[in-house]
Amino acid sequence: MTPRLIALTAVFFGLLAAVAVPLGRYIARVFAGENARTARVLGPVERLVYRLAGVDPASEHDWKQYAGGLLLFSLLTQGISYGVMRLQGSLPFNPTRLPGVAPWLAFNTATSFTTNTNWQSYGGESTMSYLSQALALSSHNFFSAGVGLCVAIALIRGIARRETTKLGNFWVDLVRAHLYVLVPLCLGYALFLVSQGVVQTWAGPAHWTTLDGAAQSLLRGPVASQEAIKMFGTNGGGFFNANSAHPWENPTPLSNFAQMFSIFAIPAALCVTLGEMVKNRRHGWAVFATMTLVSVLAVAALGHFEQVGNPALTHAGADQVASALQCGGNMEGKEARFGIADSALFAVVTTDASCGAVNGMHDSFTPLGGLVPLLDMQLGEVVFGGVGAGMYGVLVYVLLAVFLAGLMVGRTPEYLGKKIDSRDVRMASLYILIPAFSILLFSAVAVLTEVGRAGIMNASAAEVPGAPWHPHPHGLSEILYAFTSASANNGSAFAGLTAYSAAHPVFYAVTLALAMFVGRFPLIVAVLAIAGNMAKKRPVPPGPGSFPVDGGLFVALLLGVILIVGALTFFPALSLGPIVEHFMQR
Amino acid sequence: MTRHQAPTSASIWDTAIVRPAALDAFRKLNPRAMAKNPVMFVVEVGSILVTVLFLYDLARGHRVDVKFNVQLIAWLWFTVLFANFAEAMAEGRGKAQAATLRKMRTTTTARRIRAAGDETALTPGATPAIGEEVSANLLKRGDVVYVAAGGLVPADGEIVEGIASVDESAITGESAPVVREAGGDRSAVTGGTRVASDWLKIEIRQDPGGGFVDRMIALVEGSERQKAPNEIALTILLAGLTLIFLAATVTLEPFARYFGGSLGLGVLVALLVCLIPTTIGGLLSAIGIAGMDRLVQHNVLATSGRAVEAAGDIDVLMLDKTGTITYGNRQAAEFIAVKGVERRELAAVAALSSLPDETPEGRSIVALAQTMGIVPVLPAGASFVPFTARTRMSGVDAGERVVRKGAGDAVLAHVRGRNGVVPGDLQPIVDRIANAGGTPLVVVDGALVLGVVYLKDTVKPGMRERFERLRAMAIKTVMVTGDNPLTAKSIAAEAGVDDFLAEATPEAKLAYIYKMQEGGRLVAMTGDGTNDAPALARADVGVAMNTGTQAAKEAGNMVDLDSDPTKLIEIVEIGKQLLMTRGSLTTFSVANDVAKYFSILPAMFTGLAAFQLTRDHPQSSYFTALNVMRLGSPQSAILSAVIFNALVIVALIPLALRGVSYRPLGAAALLRRNLLVYGLGGVIAPFVAIKAIDLMVRGLHLA
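Taken in sequence, the protein lines are chains A and B.
Numbering-wise (this note's numbering), the first sequence opens with residue 1 and increments by one.
Numbering-wise (this note's numbering), the second sequence opens with residue 1 and increments by one.
This is how it looks when you write it as structure tokens:
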């Protein structure tokens, strides 16, 4: 790690911890209905929404009702988004006269945004009208984050409550998530982004003539408003194809820092929320510490491998040694204005959280550098993770860690006084099993089929006897990355893979959409089932015989479970992708 | 396990158990039996697939790597067999225990004097000639049998008439016969014990094969073993891990095809078998059976594995004071008369009230009076009013004369009910005795208070240490006593218990258990009386004393054959050990995977064509680069990992059967220790072992 990266990381996580406290406590108050100050202003709006929607805010849902409402809401809004994209050609706010989005692409994109993945098989500015960007996509940036927040809160309630079936009212939680958390945060943040130079306009492209007389047009649009929730909601779907590497999406070093920070802001705050809601602040901080540790390890590894550089580039005569004139390292696919440090931290933050916004091209990282974001996602997006999704994901790992620990100390495992039974373990196992199956099986299908391999950019020049084509480990990495990103609801890509083309419009559009779907909703149902099961239980008062869920031992155990489960599951596949590529390069 | 050293632990590799177990290991290959254990089932299916494919290749004349494949297949099958062997060993040890238990159930005939359902009154007195001889196996619940001196009690039951000394050595190993009699808390008899003197009429309280011993035999033999909740949860987790590794392994073949190669079924199955948690999967049922077995070794019978697991979770332990914490027989030490009453008069009335009282206390009062030269005579027509937990008094009614002795407040209520006067100096006497840890028995004759009998109660030696050990295990001890709060407090302080429940009625005990459970605590209690039955049934772990009534035994979920209430400490430790052994071996099993990856994966991918792409890198470049363990060759690397994986099961059988040692430390300290030993040890040990096996494999030119 260079001094710059060390300083950057230290400031980043220090500031994160500082902001997490007030924000996390505020979120806890919002979902307990105790946010008196903001409710004074926005309360009338909240009550109006309930009256219009016919929601009785006093009635609460059990886990099945909660899941039912959530699924209904998500699938319905997904259908609306699909319709808007398909029909955008005949709808307003389409200054560049873009035609309707192709069916499978629209299906893939609607699924992608509903699941908080924001995988983009299209170039934003050249495919989507302003209306589609705002109505079909940005709306889901809010909704999917809100839904994630609801599930996390429901799970924490399940843990904190006793002897009840009720987890809260989904519709109330959803409204509160938007009205009191997401919308106010994004309003201020969008204005800040505009101050940094992010464009925000309903006008069409800007046209001018260059010095040498050529006509040029620069595409623009309502970027800042979409950018705010893209980050705060850990969505990551950029307005422009270049995402946060585009100077109008991410113009300055300050905006770059703010973007990274806003990705982690809510997930980090939820650690504090957890501590508040279960009345064990130290536990919340233990979770925070675990996440921070994994992140810092990842930043150190990625920073190191990128700084060392790419032997292939050295071979081609590029100077990758840091000097007074340049930052050195592997600069392929990185913005010169961000350099190694800001790109490395951004890549880790965006893949630790299930954001997927990028300020550099992950596909151009060194093999082991690229392994870091890949593994980050494969750990299950539990290192801060998506809004809500990271929290409920990490709590599943906490349950498993506590289960093992409990057995090892000779007691029926209990988490915060709740005994962990076989139903919890079944759901937790499913939670880990489903994404692993999705990643590995879809990747296997893709490499076995011609249409799957057709998307790969990095094939080998040489023919290999027996191989159905020219194989290169990086091609496998690209496919693995795509299905990892989709299953983990991240959305970033090894973009060398062409996931959508006129020649092959179906295969990746459908398989990736399926991966995104199974990586989201079955897991949410499993989590809510755990929440329902937990809520029913009667807590055991903690004693010296129960395993403490704060302190270094717990952090070490949780860290071990997250790393070992993730690493053991994917090490075989990774060793045929990035790892073998690394050894081939040497 | 410091106090009782398991008697058979020294002889784990006893040939009498090992030989049949080895045979059983093959018998257990039946897939229908294997399917109960998802992890080992996957290993068996994999082994079958590899074997069939190998034989098919041979039949086609396709002979590649025959030596390697034969060894690989052999070791895969050994993995399954070793796991079966572990289970068979545990069952074998259980069967040895069961054989001992069966001796209690020697088939014998019994003289049935009334069949179940028959309501005719029994003829009182010894009636050896009445009734019919029936096989003990045919006796039903409700049958009444007559057992004469020298006869075996045919089945568990309750004495309806008679008093006899019973030799229970077959069950308890205690050679001195004990007195059993109708009524009260000593009325239960166990099948297989022998009536040493006199005779008994016993009402059978079990259906054929339904006795405690029968159930326990089924449990220790493993035939009827139901998985306990934590075991089920762990099995689910292990199945989940197995599925994950299945996906990780199966998808490697498509990835290899992408590079134009193929890994081959044998190697893939080898990797899968090494990755899935076979160590814990293979030993899981053995651990459960061994837990029951250890319980039997401590002379405790349990009705279910669930009860044993629950024992590990106990937060509150309710112990009867009498007989558990103190020597049960409180002895009369002194007669203290109130002002204006002669000490002799008090002694005479106290002795009179105790004359028909067969309790040790009663007898000690009579004995003390006799030392003063008093020879009490029971008036004709006098009837005995026994002590009950509700009245907390006993005495004699002789015509108009009502003589009582009992707990202070109970007797005083009785006196006030008869418009009697309570002497002013009574309370100080009572308090003084109670404060000294004694039991004051107030004696009244009609409405006249005579004085107090001072019963002394002595705390057994070593109790304080035991309670400290429990405290270290985070278990709160509660002393339950019928004494008044002052007495209870004094003895509680002397014995070192955390809390006490004084003047405990059966209802109060039950209420206390409810209160604890309401707060989410798990409660264990011991008991022997019929009035303990509701509380025993309500408690999460209810240990009935074998000397207790049949009702108590049926209400609890364990029976202690030694009737030693402090046995609960061992029971708790066995429960904890059971969970710890499972958890530790799971951690060990998963931690092992790291080393296995480093030995198998580099070897697996060596042959892939794509890795031969660059001219400067020879074929095995990938193997050499990742072969951090410097294993001899790809084949020996794979073999070594599989051999290690199989052998580690055998190596851990003693640990599985004996259990991870438990020390009463805090949870964090215990976890740190086990994580270090089984987690870190589990990462390091296989590196060393696989390297050693690899050296051997190469030394023997096996690969």
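Using N, Cα and C, we set each Cβ at its ideal position, and we do this for glycine too.
Whole-Å CB distance - residue i paired with residue j, under 8 Å assumed
{"i": "T115 (chain A)", "j": "N489 (chain A)", "result": "5 Å"}
{"i": "L284 (chain B)", "j": "E203 (chain B)", "result": "Contact doesn't hold; Cβ gap of about 42 Å is too wide."}
{"i": "V349 (chain A)", "j": "I263 (chain A)", "result": "5 Å"}
{"i": "F554 (chain A)", "j": "A286 (chain A)", "result": "5 Å"}
{"i": "G92 (chain B)", "j": "G117 (chain B)", "result": "At roughly 42 Å, the Cβ-Cβ gap does not stay under 8 Å, so G92 (chain B) and G117 (chain B) are not in contact."}
{"i": "L702 (chain B)", "j": "Q71 (chain B)", "result": "6 Å"}
{"i": "V19 (chain A)", "j": "A265 (chain A)", "result": "6 Å"}
Spatial distance of residue i from residue j (CA atoms)
{"i": "L395 (chain A)", "j": "A434 (chain B)", "result": "54 Å"}
{"i": "V269 (chain B)", "j": "P602 (chain B)", "result": "16 Å"}
{"i": "M534 (chain A)", "j": "I159 (chain A)", "result": "6 Å"}
{"i": "Y415 (chain A)", "j": "T526 (chain B)", "result": "29 Å"}
{"i": "R672 (chain B)", "j": "R411 (chain A)", "result": "15 Å"}
{"i": "M1 (chain A)", "j": "P435 (chain A)", "result": "32 Å"}
{"i": "Q619 (chain B)", "j": "F605 (chain B)", "result": "Because the pLDDT of Q619 (chain B) is 45, which lies under 50, any placement of that residue in the model is unreliable, and the question is left without a value."}
{"i": "A357 (chain A)", "j": "G385 (chain A)", "result": "13 Å"}
{"i": "G146 (chain A)", "j": "A269 (chain A)", "result": "15 Å"}
{"i": "A407 (chain B)", "j": "V398 (chain A)", "result": "54 Å"}
{"i": "E60 (chain A)", "j": "T351 (chain A)", "result": "35 Å"}
{"i": "A637 (chain B)", "j": "L8 (chain A)", "result": "44 Å"}
{"i": "L585 (chain B)", "j": "L182 (chain A)", "result": "46 Å"}
{"i": "Q259 (chain A)", "j": "P251 (chain A)", "result": "11 Å"}
{"i": "W119 (chain A)", "j": "R32 (chain B)", "result": "46 Å"}
{"i": "K339 (chain B)", "j": "D532 (chain B)", "result": "39 Å"}
{"i": "V442 (chain B)", "j": "L352 (chain B)", "result": "14 Å"}
With 16 other Cβ atoms within 10 Å as the buried cut-off, status of residue i
{"i": "S121 (chain A)", "result": "buried"}
{"i": "W171 (chain A)", "result": "buried"}
{"i": "L234 (chain B)", "result": "buried"}
{"i": "A405 (chain A)", "result": "buried"}
{"i": "Q427 (chain B)", "result": "exposed"}
{"i": "D212 (chain A)", "result": "exposed"}
{"i": "D616 (chain B)", "result": "Low per-residue confidence applies at D616 (chain B): pLDDT is 48, beneath 50, and the placement is therefore not dependable, though the value from the model is reported in the following sentence. D616 (chain B) comes out exposed."}
{"i": "I579 (chain A)", "result": "buried"}
{"i": "H178 (chain A)", "result": "buried"}
{"i": "A353 (chain A)", "result": "buried"}
{"i": "T477 (chain B)", "result": "buried"}
C-beta contact flag for residue i and residue j at 7 Å
{"i": "T273 (chain A)", "j": "I530 (chain A)", "result": "no"}
{"i": "I649 (chain B)", "j": "A83 (chain B)", "result": "yes"}
{"i": "R330 (chain B)", "j": "D457 (chain B)", "result": "yes"}
{"i": "G125 (chain A)", "j": "L219 (chain A)", "result": "The displayed chain sequence assigns Glu, not Gly, to residue 125 (chain A). Against a cut-off of 7 Å, the Cβ pair of L219 (chain A) and E125 (chain A) comes out as a contact."}
{"i": "C355 (chain A)", "j": "G339 (chain A)", "result": "no"}
{"i": "T242 (chain B)", "j": "P38 (chain B)", "result": "yes"}
The segment 670-684 of chain B contacting the segment 631-645 of chain B, beta-carbon criterion three pairs below 8 Å: no
Three-pair Cβ contact test at 8 Å for the segment 305-313 of chain B versus the segment 487-506 of chain B: no
Any 3 or more C-beta pairs closer than 8 Å across the segment 460-479 of chain B and the segment 280-294 of chain B: no
Given 8 Å, three or more beta-carbon pairs between the segment 191-202 of chain B and the segment 140-151 of chain B: yes
Stretch-stretch touch, CB-based, cutoff 8 Å, three pairs: the segment 313-325 of chain B with the segment 409-428 of chain B: no
The segment 369-382 of chain B / the segment 345-360 of chain B touching (three or more Cβ pairs under 8 Å): yes
Cβ pair count under 8 Å reaching 3, the segment 592-599 of chain B against the segment 655-673 of chain B: no
Contact the segment 566-580 of chain B vs the segment 337-356 of chain B: 3+ CB pairs below 8 Å: no
Cβ pair count under 8 Å reaching 3, the segment 55-62 of chain A against the segment 202-221 of chain A: no
Segment contact, 8 Å Cβ cut-off, at least three pairs: the segment 75-88 of chain A with the segment 437-455 of chain A: no
Contact residues within the segment 550-579 of chain B, judged by C-beta distance below 7 Å to chain D: Absent here is chain D; the protein component of the structure consists of chains A and B.
The segment 124-142 of chain A contacting the segment 89-101 of chain A, beta-carbon criterion three pairs below 8 Å: yes
Three or more C-beta pairs below 8 Å linking the segment 276-283 of chain A and the segment 362-371 of chain A: no
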